[in-house]
Structure formats: C-alpha cells, structure tokens
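Quick mapping for you: the protein sequence lines, in order, are chains D and R. Take 1036 as the starting number for the first sequence in this note's numbering and just add one per residue. Take 1036 as the starting number for the second sequence in this note's numbering and just add one per residue. We put the beta carbon where it would ideally sit given N, CA and C, even for glycine.
2 protein chains.
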Amino acid sequence: MRADAQKNYDTIVATATLVFTEKGMDAPLDEIATRADVGPGTLYRHFPTREDLIDAVIKSWIAQIEAAAHDAVLSDSPAREVLLSWFAEYVARISRNKGGPSKFTSAMSNPQSPIFSKCEVLREANERVLDRFRVEGVIRADIDSLEVCRIIGGVAMVADQTGLDELTTASMLGVVIDGLLTT
Amino acid sequence: MRADAQKNYDTIVATATLVFTEKGMDAPLDEIATRADVGPGTLYRHFPTREDLIDAVIKSWIAQIEAAAHDAVLSDSPAREVLLSWFAEYVARISRNKGGPSKFTSAMSNPQSPIFSKCEVLREANERVLDRFRVEGVIRADIDSLEVCRIIGGVAMVADQTGLDELTTASMLGVVIDGLLTT
DNA sequence: ACCTGAACACCGTTCAAGT
DNA sequence: ACCTGAACACCGTTCAAGT
C-alpha cells in the first residue's frame, strides 16, 4: 500500500473509533470522512461497506475477550456466579459502542458478513466457557454456543436500545442462566 | 374531522398496513404517501411521527392478544407447555411486521412513546398469564412482567433480524421458560 | 380547515477529473 | 495508484401557495 494510502487508512480507522464511541456504530460515515480530512470516495475505497470499517475498528480489541473467557474457565466460584460475570462481560464487550449488540448478533448468523470471523471469536470464547460447565454437567448439553450467543445478544440488544442499567441487565441474564443450569 | 380529511386518514392507515406488511415497519413513509395518493405533507399532518402512524395501524389487532392470554390462563396443560405456546404467540404477534419486535420492546420502556399504551396491552396480557403461574407457585415471583416482556422481546428481536425459523425461536424461548420455572 | 408539492436537509454512493 | 469533491439518489420534514 502506498504511503499516503496507508496514512489515510490509519486516520480513518482512528477517527471511526472515536466517532463510534461518541455516536454509536450507526454514526454517519460522512462525519467520519470529514473529521478524518478525507473525501467520501477515499473512505469508500478503503471500506466498501460499513461493516468493513467496523471490522477494522474492532480488530484492536475483539481478541481481549479470550482473557475473560479464560478466567471464567479457571474460576472456582459457583457456576451461577461465574456465568453471571462472564455473560455480563460478554454483554459489556459487544455493547462497547451503541448499536454494537445488534451488529454482532446479526452478523454471527451470517457467514457472508465482513465481521463474521470476529463474531466467531466471540462465539468460540463463549463455547470454551460453556464447554467447561457441560463437562461438569451443571448446564444443559442440548443448547449450543451459537444459540446462547443469540439469547445473550438479544438481552444485550434490549439493554442497548432501551438504555438499561447493569443491574437490570444482570437480572435478565440471571433468568437465562437459570434456564441453562441443570441444577 | 372534515370528510376529505377522514378519507385521507383512512386511506393512509390502510396503505401503511399494506406497506408495513410488505417492507416492515421501517418502510419509507414516502412510499406510503405516494401509494395512498396524498402529498407527504398530508401524511405528516395526520401522523407527526412514524410511531403515530404505527399506533393507528396496530389499533385494529393489538387487543386480540388478550384472547391468547385468556386461553393460556385457562389451559390445564403442563406449565412449561402453556408458557411455550403463549410466548411463541407473543413473539408471533409483535413480529407480525418486520421491525416490530424492536419497536414494541423499546416503546414498552418509554412512556413518552405514542405506542406506549399499546405496549401496555401486551405487557398486561403477559402479566395475567404470569400471575396465574405465580399463584400456582410454579414460576419465580421476583421477575415482573416488564422484565419478562424485555427478555422475550430480545429473543424476538434476534429472530426478526436474523430471520430465524419457529423451531429455533421456540428453543430459545424454552431456555427462558426454564429460567422462570421454579420446578 | 385541509391539501399539494416544491424545497430543503441529510446521508449514502458513484465517478470523472486530478495528482 | 490513489485522492478529491461534485453529483446523484433517497428519504424525512417543512411550508408557502392553493382549494
């Protein structure tokens, strides 16, 4: 990539990160281009779709969720407690930017999506945590990680759209967890 | 209301019903005005916001949910079975038009919304069903109907956005129900 | 009192002209 | 090879002019 192209690419991603934080993942691309001091065509050349841009923005932090999953796998606290903080963590990550829960949860079921592979990282982290408890026999074995991601994603979408606080969200997650536990 | 105004009002609502069915509740208002043979200003005069229009459209069927709730209250099938078909019914109603789950579930937590009172009808129907099982002691008493509407609404939103089939949706509802049951 | 439709604003998307 | 920005399309919203 040419030096000026690389510079524009980096500036656009940095600006998008900022604008997504301020206004959510549905923020006008126009504003991103303007604040990055590039023409709209430049943004489109680098990122043909909004999801391509989202993909570049989340690249810097999406893998961090694996550490949280790792903690959940190793923790010796009660299952319900571990799952509650793990799911809360999951929700917090995909809700980092407004509009995130909707984007991630939809893309997870769509292999064509530019951010599908990033969603797989989320799902696999979840899979690892669920696997631990499946082995221990404390949660149902007939619900796969995709389905769990969808249900938790649904809770996150409602919380995101409605602006619910963490306590209310945790209460909803508690219901889902009780539905997963066999005990 | 003047005769011509009344006629326009009725035509707009009828056309909106059609367009919402075809393209969902986020369909362009423009198309509704054009197909109803009125100017955009006429649509805005009668319905200042999209939600005002939605309110008029759903008026004709929103109360039907009470009959389904009534059936659920009287049914002598096992609780899990009754709740599953009730929640499936609830999801089907709010998913009648694409984009519906998101609209209803958001408005339910916002008393300022023009469709808030319609959402109350949904919530109260749910309340009646939940009350029956609370009295019987088969479901948790610490989760109110608003919270249940939110969780089920979240499932409906995911299903709506992702285009999930009824079986997959029912499976997710099953998890939520198991989380509500005390047995 | 109500309707019309031109006009404006906003935003996504394309592409001819430039470097 | 890449960038610019004018231009177009689309859609929501307003309002002066009409009936």
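Beta-carbon neighbours of residue i, restricted to chain R and to distances below 9 angstroms
i       : result
L1157/D : Going along chain R, no residue has its Cβ under 9 angstroms from L1157/D, so there is no contact; the nearest lies around 14 angstroms.
G1214/D : G1209, V1210, V1211, I1212, D1213, G1214, L1215, L1216
S1148/D : Here the premise fails: no neighbours, minimum Cβ distance about 11 angstroms.
Reduced DSSP category for residue i - H, G, I as helix; E, B as strand; rest coil
i       : result
I1129/D : helix
I1178/D : coil
L1208/D : helix
L1064/D : helix
L1199/D : coil
Proximal residues of chain R, C-beta to C-beta of residue i below 7 angstroms
i       : result
M1207/D : E1182, R1185, I1186
Endpoints, alpha helix (DSSP H) assigned at residue i
i       : result
N1161/D : 1151-1170
Q1147/R : Looking at the DSSP string, Q1147/R is not in any alpha helix (DSSP H), and its letter there is neither H nor E.
K1058/D : 1038-1058
P1136/R : 1135-1142
L1109/D : 1100-1109
I1097/R : I1097/R -> no alpha helix (DSSP H), and no H or E assigned at all.
V1092/R : 1085-1093
G1076/R : 1075-1081
Assigned exposure category for residue i - 16 Cβ within 10 Å defines buried
i       : result
V1170/R : exposed
G1172/R : exposed
E1086/R : buried
L1109/R : exposed
S1095/R : exposed
M1036/D : exposed
T1217/D : exposed
R1128/D : buried
A1102/R : exposed
D1195/D : buried
A1038/D : exposed
A1040/R : exposed
Reference residue i; option with closest CA among the options
i       : options                            : result
K1138/D : I1150/D, P1075/D, A1127/D          : I1150/D
H1105/R : N1161/R, Y1044/R, V1210/R          : N1161/R
P1083/R : A1071/R, S1148/R, P1113/R          : S1148/R
L1181/R : C1184/D, T1203/D, D1179/D, I1100/D : T1203/D
M1060/R : D1179/R, R1131/R, V1164/R          : R1131/R
L1199/R : K1133/R, I1186/R, Q1041/R          : K1133/R
G1074/R : S1095/R, R1115/R, N1043/R, A1051/R : N1043/R
F1125/D : L1078/D, A1098/D, K1058/D, L1216/D : Reading off the sequence shown, one finds Tyr at residue 1125/D, where the question assumed Phe. When each option's Cα is compared against that of Y1125/D, the closest is A1098/D.
A1191/R : L1157/R, T1140/R, R1158/R          : T1140/R
C1184/D : I1212/R, M1207/R, L1118/R          : M1207/R
A1049/R : P1063/R, K1153/R, A1068/R, P1113/R : A1068/R
D1072/R : A1051/R, D1111/R, R1163/R          : A1051/R
R1175/R : K1153/D, V1211/D, G1188/D, L1157/D : V1211/D
V1054/D : W1121/D, R1167/D, I1089/D, L1215/D : I1089/D
D1111/R : P1146/R, R1167/R, K1058/R          : R1167/R
G1209/R : R1115/R, P1063/R, R1158/R          : R1115/R
T1056/D : R1080/D, I1178/D, I1093/D, A1142/D : I1093/D
Neighbouring residues, chain D, relative to residue i (Cβ below 8 angstroms)
i       : result
L1118/R : In chain order: nothing, as chain D lies at least about 12 angstroms away.
V1173/R : The premise fails here: V1173/R is roughly 14 angstroms from chain D at the closest Cβ pair, so nothing lies under 8 angstroms.
beta-carbon residue i near the ligand HEM non-hydrogen atom, thresh 6 angstroms
i       : result
S1112/R : Summarising the ligand content, the structure contains no ligands, and the ligand HEM is consequently not present.
Beta-carbon neighbours of residue i, restricted to chain D and to distances below 7 angstroms
i       : result
V1190/R : I1186, G1189
T1197/R : S1141, S1144
I1178/R : V1210
V1164/R : Result: empty, since nearest Cβ-Cβ is about 16 angstroms, beyond 7 angstroms.
Residues that residue i contacts on chain R, provided the C-beta gap is smaller than 8 angstroms
i       : result
I1089/D : Within 8 angstroms Cβ-Cβ: nothing; I1089/D doesn't reach chain R, min ~16 angstroms.
S1152/D : Those within 8 angstroms of S1152/D in chain R number zero; the least Cβ separation is about 18 angstroms.
S1112/D : Here the premise fails: no neighbours, minimum Cβ distance about 20 angstroms.
V1130/D : Here residue 1130/D turns out to be Ser, not Val, going by the sequence shown. Per Cβ cutoff of 8 angstroms: no residues; S1130/D is ~13 angstroms from chain R at best.
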